[in-house]
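Undergrad: Numbering (the working numbering), first residue to last: 2 to 262.
Here you go:
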């Protein structure tokens, strides 16, 4: 039980408006997901993750990161724990090598999946969550397949017991968003929005923060694709639902590809 947010843009953007000031700001999800928060982004191709096992709406560090982080790709998460203690190691996103990953749902066959990891990926696990095990299971299969889409398809075909496998994954170039819920489809949702020039934003989104794409610090020629567990702007923009058992691939040129897995 968590909430996911991701953005990929044609130039570095910040998410101050979407996180703090929107009609349904991402920080508002913290009330129902109080067990931690995390934000992952890239600086010159290097993944950076900042996270704490505290509620986002009472965290000065979350506020600081929401206002200061700028990147072409950003992944964020607020946590309601289903497995693992309330520790920083158990907060999402997770990072390994060039990858950043955040998950919403519970993998029930956690131990069985962990037993399939090779020694390298098993040793890399720092926390107690099923989500971190899933992350390394996905990466292991991607490495074996030599292809992200083929690796994900192979990995996910062997994960049979779960509430949901909704996740965001990035290698710093492409953003992948996957939705698969075995039940509770009304909760385990995932939406995406293609947002173009800031001067085309709905008037209701233009506030004191209109310095950027998300009414914060960006320029008028910025374009982006946003992904979130819920529509951040309700009916003000054309959010589209990712169908169940589908992977959305968003490339660096912001072209998209939707694949059933």
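We treat Cβ as the ideally placed atom computed from N, Cα and C, and that holds for glycine.
Using a 10 Å radius around the Cβ and a threshold of 16 neighbouring Cβ atoms, would you call residue 5 buried or exposed?
TA: By the 10 Å Cβ count, residue 5 comes out buried.
Undergrad: Determine, using beta carbons only, whether residue 38 and residue 25 come nearer to each other than 8 angstroms.
TA: Not a contact, by the Cβ cut-off of 8 angstroms.
Undergrad: Taking C-beta to C-beta, are residue 154 and residue 119 nearer than 8 angstroms?
TA: Going by C-beta atoms, residue 154 is not nearer than 8 angstroms to residue 119.
Undergrad: Please report the straight-line C-alpha distance between residue 12 and residue 135, rounded to a whole angstrom.
TA: Between residue 12 and residue 135, the C-alpha separation is close to 30 angstroms.
Undergrad: Just reading off the beta strand (DSSP E) that residue 247 is part of, what are its end residues?
TA: Here the beta strand (DSSP E) through residue 247 covers 247-251.
Undergrad: Residue 149 by DSSP, collapsed to three states: which one?
TA: Residue 149 falls in the helix class under three-state DSSP.
Undergrad: In whole angstroms, give me the CA-to-CA distance for residue 170 and residue 149.
TA: Rounded to whole angstroms, residue 170 to residue 149 spans 10 angstroms at the Cα level.
Undergrad: Can you give the beta carbon distance from residue 242 to residue 190, rounded, assuming they're within the 8 angstroms contact cut?
TA: About 6 angstroms separates the two Cβ atoms, so the contact holds.
Undergrad: How would you label residue 185, buried or exposed, when you count the other beta carbons within 10 angstroms and need 16 or more for buried?
TA: Burial call: exposed.
Undergrad: Out of curiosity, what's the CA-to-CA distance linking residue 19 and residue 46?
TA: Rounded to whole angstroms, residue 19 to residue 46 spans 23 angstroms at the Cα level.
Undergrad: Starting from the C-beta of residue 103, find all residues in its chain whose C-beta is less than 6 angstroms away, skip the five residues before and the five after it, and write them out in chain order.
TA: Excluding residues within five positions, the ones whose Cβ falls inside 6 angstroms are 5, 76, 78, 93, 94 and 169.
Undergrad: How is the alpha helix (DSSP H) around residue 256 delimited, first residue to last?
TA: Segment: none, residue 256 is in no alpha helix (DSSP H) and carries neither H nor E.
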